[in-house]
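Trainee: Which chain is which? The protein sequence lines are L and C, in order.
When we follow the UniProt record's numbering, the leftmost residue of the first sequence carries the number 1, and every step to the right adds one.
When we follow the UniProt record's numbering, the leftmost residue of the second sequence carries the number 1, and every step to the right adds one.
Protein chains: 2
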Amino acid sequence: MNSRFSTAVHILTLLASTPQERLTSEFIAASVGTNPVVIRRQLALLRQANLVSSKGARGGGWELARDPARITLKQVRTALGVEAAFRMHRNEPHPNCSVGQGIRGVLENVYEEVEKSVMRSLAHWTIADMLKRIEPSS
Amino acid sequence: MNSRFSTAVHILTLLASTPQERLTSEFIAASVGTNPVVIRRQLALLRQANLVSSKGARGGGWELARDPARITLKQVRTALGVEAAFRMHRNEPHPNCSVGQGIRGVLENVYEEVEKSVMRSLAHWTIADMLKRIEPSS
DNA sequence: AGCTAGCGTAACTTTTTTTGTGACGGATTC
DNA sequence: GAATCCGTCACAAAAAAAGTTACGCTAGCT
Numbered sequence: 001m002n003s004r005f006s007t008a009v010h011i012l013t014l015l016a017s018t019p020q021e022r023l024t025s026e027f028i029a030a031s032v033g034t035n036p037v038v039i040r041r042q043l044a045l046l047r048q049a050n051l052v053s054s055k056g057a058r059g060g061g062w063e064l065a066r067d068p069a070r071i072t073l074k075q076v077r078t079a080l081g082v083e084a085a086f087r088m089h090r091n092e093p094h095p096n097c098s099v100g101q102g103i104r105g106v107l108e109n110v111y112e113e114v115e116k117s118v119m120r121s122l123a124h125w126t127i128a129d130m131l132k133r134i135e136p137s138s
Numbered sequence: 001m002n003s004r005f006s007t008a009v010h011i012l013t014l015l016a017s018t019p020q021e022r023l024t025s026e027f028i029a030a031s032v033g034t035n036p037v038v039i040r041r042q043l044a045l046l047r048q049a050n051l052v053s054s055k056g057a058r059g060g061g062w063e064l065a066r067d068p069a070r071i072t073l074k075q076v077r078t079a080l081g082v083e084a085a086f087r088m089h090r091n092e093p094h095p096n097c098s099v100g101q102g103i104r105g106v107l108e109n110v111y112e113e114v115e116k117s118v119m120r121s122l123a124h125w126t127i128a129d130m131l132k133r134i135e136p137s138s
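1. Tell me which residue opens and which closes the alpha helix (DSSP H) that residue 115 of chain L is part of.
2. Should residue 37 of chain C be labelled buried (16 or more other beta-carbon atoms within 10 Å of its own) or exposed?
3. Across which residues does DSSP place residue 37 of chain C in a beta bridge pair?
4. Is the CB of residue 30 of chain C under 8 Å away from at least one CB in chain L?
5. Whole-angstrom Cβ separation of residue 16 of chain L and residue 80 of chain L, contact assumed at under 8 Å?
6. Please tell me whether residue 62 of chain C has its Cβ less than 8 Å away from any Cβ of chain L.
7. Among C/85, C/130, C/126 and C/131, whose alpha-carbon lies nearest the alpha-carbon of residue 114 of chain C?
8. What residues in its chain sit with their C-beta under 8 Å from that of residue 51 of chain C, if we drop five residues either side in the sequence?
9. Express the C-alpha separation of residue 112 of chain L and residue 43 of chain C in angstroms, rounding to a whole number.
10. Below 8 Å, can you find three or more Cβ-Cβ pairs linking the segment 15 to 32 of chain L to the segment 85 to 98 of chain C?
11. Looking only at its own chain, which residues have a Cβ that is under 7 Å from the Cβ of residue 130 of chain L, when we skip the five neighbours before and after it?
12. Can a CB atom of chain C be found closer than 8 Å to the CB of residue 25 of chain L?
13. Quick check on the DSSP output: what are the complete alpha helix (DSSP H) runs of length 4 or more inside the segment 2 to 71 of chain C, in order along the chain?
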């Protein structure tokens, strides 16, 4: 997978660290070290999943749409659009090769199982956990 | 992750389907639908892990180095060099952002846990299983 | 009302990653 | 000693991801 998931968790944790405040995409981008548009794209997906809410215009910005203890990393992954941890090889196998013809279906089964266990792992973690681990003192 | 893992499983299953025979990288490449060099690169890694053996010269080629029932997909993944299912975002976070500074370490913990559960899932499957599922009649 | 700050999104560019190719040396069998 | 097949490097092409520019829209402010 790509690094979008990491960025998304970063953003959400940042929002969790400043409750009561709205953060602008520009501010977040500076914290994360990238471009505001990249941030907005991520947040647009997270908003579709009702994890964050945005407000335009002056004084606007982003905030969490719910208690960070109720946002799991599984939800984040789902919100970003589940891209399998593994990818099928895309080459067309030789038509006479029975292994080539059949392997994809079998691999799909395997990957589904793997995906489920990835999700199970991610479900254990919340944004509140992330924040807690970063600032154990607070 | 990329599709190399899928290709590797494909290759190994193909070798398992023709015991007693050596297959050339050219033949395998035709079955998989790619270039022989790509195949050789993959197999070179699998050989380092003692999963396959090769022989040069005329009549040469590749074969499994052990019983396909003793090759797990976990071993395959390890052989290819474990690349985490997730990737860290590489941008330097803003130095004043405590979340940005700390998030990586926490994410690393999460990803380690995920990786372990991926490996646990993959350990359940062997190349013999793959073959069995493709050709239930044999 | 008009100005400003901020999001929303499409189109495009750049960068990075992955995959594929060509070439050629070395080894082994025949 | 000629043919076959691996081993590997260097390069090319393609695909994917990330970053950038631009501009419309809305809500608040004065």
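The beta carbon of each residue, even a glycine, is placed where N, CA and C say it ideally should be.
Mentor: So, from the data block:
1. 98 to 123
2. exposed
3. Answer is none; residue 37 of chain C lacks a bridge partner.
4. yes
5. In fact, because the Cβ distance is near 17 Å, the residues do not count as touching under 8 Å.
6. no
7. C/85
8. 12, 64, 65, 66, 71, 75, 76 and 79
9. 26 Å
10. yes
11. 9 and 13
12. no
13. 4 to 17, 25 to 32 and 36 to 48
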